[in-house]
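In terms of full-length UniProt numbering, the sequence shown opens at residue 1 and continues consecutively.
We treat Cβ as the ideally placed atom computed from N, Cα and C, and that holds for glycine.
A short write-up of the structure that comes next.
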Amino acid sequence: MHDFSIRTATADDLDAARGVMLDTVYRDFGTGYVPRWHADIIDPGAAYLRSPRHTLLVAVDERDGTVAGTAALDSRGPAHPPNPAWLAERYPSGETAQLRRVYVRPEYRRRGLARRLVRALLDFAAADGGYRAVYLHTDPGVSGAEPFWRSLGKAVCDEREEPGGSRVLHFEVPMA
């Protein structure tokens with residue numbers, strides 16, 4: 001059994017965290033790197049470590065130091081477009097903690113790491129004091145994503161049900 005620590009990423013973790021993220025967008029999403037969607041992956045330090053209201057967490061295998069998973073939070077609400085206008089209005093930037101990049105390498109899944117990472121992000125959002133909602137979106141086509149997020153939050157928009165909608169599912173998660 002491996003022991004894992006969940007902690008705030010440091011500059012020394014950024015290459016490994018970027019690797020987890022890029023592997024996920026290529027393998028699980030099948031999109032590969034798309035600059036307008038994934039710019040934060042290329043420079044996670046700027047995206048998550050320089051603002052006191054943002055964070056990047058890593059799950060580290062204590063046995064060998066491997067970064068097994070990532071999870072990030074920032075203060076940007078969903079943009080319109082591409083998201084529905086009412087979502088951007090309901091979850092405005094500055095007041096919304098958006099969960100991002102909750103990714104676990106396949107060989108480390110089913111060990112509770114994603115749940116621990118999310119719990120730590122929710123604690124971070126609550127400690128900030130300025131967030132009124134926690135929001136995220138996910139691709140329900142990714143194995144396990146939809147049931148995982150449904151176990152933690154409430155779906156507020158399923159774009160698969162919208163005329164001309166995409167395969168994006170939007171959630172609100174209760175604050176810690």
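Which first and last residues belong to the alpha helix (DSSP H) in which residue i is found?
i      : result
Gly-19 : 14-27
Ser-34 : Looking at the sequence shown, residue 34 is not Ser but Val. First-last for Val-34: undefined, no H or E at that position.
Rounded C-beta distance between residue i and residue j? I'm assuming under 8 angstroms.
i       : j       : result
Arg-132 : Glu-95  : 5 angstroms
Asp-74  : Tyr-33  : Not confirmed; about 19 angstroms, so no contact.
Ala-97  : Leu-56  : The Cβ separation is near 13 angstroms, so there is no contact.
Glu-161 : Tyr-135 : With a Cβ gap of about 18 angstroms, Glu-161 and Tyr-135 do not count as contacting.
Pro-140 : Leu-122 : Not quite, the Cβ-Cβ distance comes to about 21 angstroms (not below 8 angstroms), so this is no contact.
Val-118 : Val-104 : Their Cβ separation, rounded to whole angstroms, is 11 angstroms, which puts Val-118 and Val-104 out of contact at 8 angstroms.
Ser-93  : Gly-77  : 5 angstroms
Ala-126 : Ala-176 : 4 angstroms
On the three-state DSSP scale, how would you describe residue i?
i       : result
Ser-166 : coil
Tyr-48  : helix
Arg-111 : coil
Tell me which residue opens and which closes the beta strand (DSSP E) that residue i is part of.
i           : result
Leu-57      : 55-61
residue 177 : Nothing in the structure corresponds to residue 177, since the chain is present only between 1 and 176.
Thr-8       : 4-8
- Any 3 or more C-beta pairs closer than 8 angstroms across the segment 86-93 and the segment 17-30: no
- Query: Is the segment 3-18 touching the segment 53-69, taking contact as three or more C-beta pairs under 8 angstroms?
  - Reply: yes
- Is it a yes or a no for the segment 67-74 touching the segment 154-173, going by three-plus beta-carbon pairs under 8 angstroms? no
- Item | alpha helix (DSSP H) segments (min. 4 residues) lying fully within the segment 123-158 | 145-152
- Query: Along the chain, which unbroken stretches of the beta strand (DSSP E) at least 3 residues long are found entirely within the segment 60-87?
  - Reply: Runs found: 67-74.
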